[in-house]
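What follows is one structure encoded as C-alpha cells, with my remarks underneath.
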Amino acid sequence: MHTFRPILHSMKHLFLLCFFLPLFAAAQDCNLTREKDQFSQEPKITTGFIPFKTLKRFSLSLDATKKEIDFFFNLTGVPDQCFDDQSTAVFTFEGGRLKATFKNTGSVNCQGLFHTNFKNLAVTPSMLQRLATKKTLSIKMIGTRGEVDLVLNEQQQEQLMKAINCIITEAKTLL
C-alpha cells in the first residue's frame, strides 16, 4: 500500500498541472496595461482601445477597477451617433437565438461613445461570464438617432472573447 502513495502523490500534481496549465497559457496572451485612474488615483487595468474593422468601424476599451469592469465603445465609423441614458447595446451570441441587452451608463453624447459597466466581484456576474464564454456574432447599438449593427467576423469574435477573459481574470487581482 505504501508503494502507491508516491505514485498517487505524483498523479495529483500532474492533474493539478494539467488543470491550471490552460489558465497560465491564456494569461500569457493578455496585453493589458496597469495604470492609475486619472480621477480616483486607484489602480486600473486596461486593454486600451482595440480596433474592430467592421463595416461600421469601432473600437472597444475594457477597463477594470476594484469596483467595476467598464466596456467603452467608440463608434469611430459612425458620424454623429448619439447615446443617452435610454440607449442600449444588444449582443447576439453564436446561434443567433441568445441575446443580452445592456444600457448605456455613460454620459449623453453625440460622438458615438457608449459605456456599459459590470461590478467587479469575486464571482463573475453571469452576463459578463456569458460574454467571455460565448461568441458574439453582432452588437446592435441603439441610440437616439437610430440603430447601428456591428457584425463581427470569426477572428473578431475570438479577439473579443479573449479580451473579455483577460480583463475578467486580471480584474480579480484588484479586489
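If you read the sequence shown in the working numbering, its first letter stands for residue 1, the second for the next number, and so on. Quick reminder that beta carbons are idealized off the backbone N, C-alpha and C, glycines included.
Problem set entry | Within 8 angstroms, strictly: CB atoms of D63 and K36 | no
For this session: Answer yes or no: do A132 and T47 have a C-beta to C-beta separation smaller than 8 angstroms?
Result: no
For this session: Can you say whether S87 is buried or exposed, counting buried as having 16 or more other CB atoms within 10 angstroms of its CB?
Result: buried
For this session: Quick one: give me the first and last residue of the beta strand (DSSP E) that N74 is part of.
Result: E68 to N74
For this session: Could you tell me the distance, in whole angstroms, from the CA atom of N120 to the CA atom of F72?
Result: 16 angstroms
For this session: Would you list the one or two residues that DSSP bridges to T46?
Result: T33 and D63
For this session: Could you tell me how far apart the beta carbons of M127 and A89 are, in whole angstroms, since I believe they sit closer than 8 angstroms?
Result: In this structure M127 is not in contact with A89, their Cβ atoms being roughly 12 angstroms apart against a cut-off of 8 angstroms.
Problem set entry | Separation of N153 from L160, as counted between CA atoms | 11 angstroms
Exercise. Are there 16 or more other CB atoms within 10 angstroms of the CB of I168, so buried, or fewer, so exposed?
Worked result: So I168 counts as buried.
Exercise. Should F39 be labelled buried (16 or more other beta-carbon atoms within 10 Å of its own) or exposed?
Worked result: By the neighbour-count rule (16 or more Cβ atoms within 10 Å), F39 is not buried but exposed.
For this session: Would you mind reading off the limits of the beta strand (DSSP E) that contains S138?
Result: T136 to G143
Problem set entry | For T173, the nearest candidate out of D29, E42 and K66 (CA to CA) | K66
Problem set entry | Enclosing beta strand (DSSP E) for E147 [first to last residue] | G146 to V151
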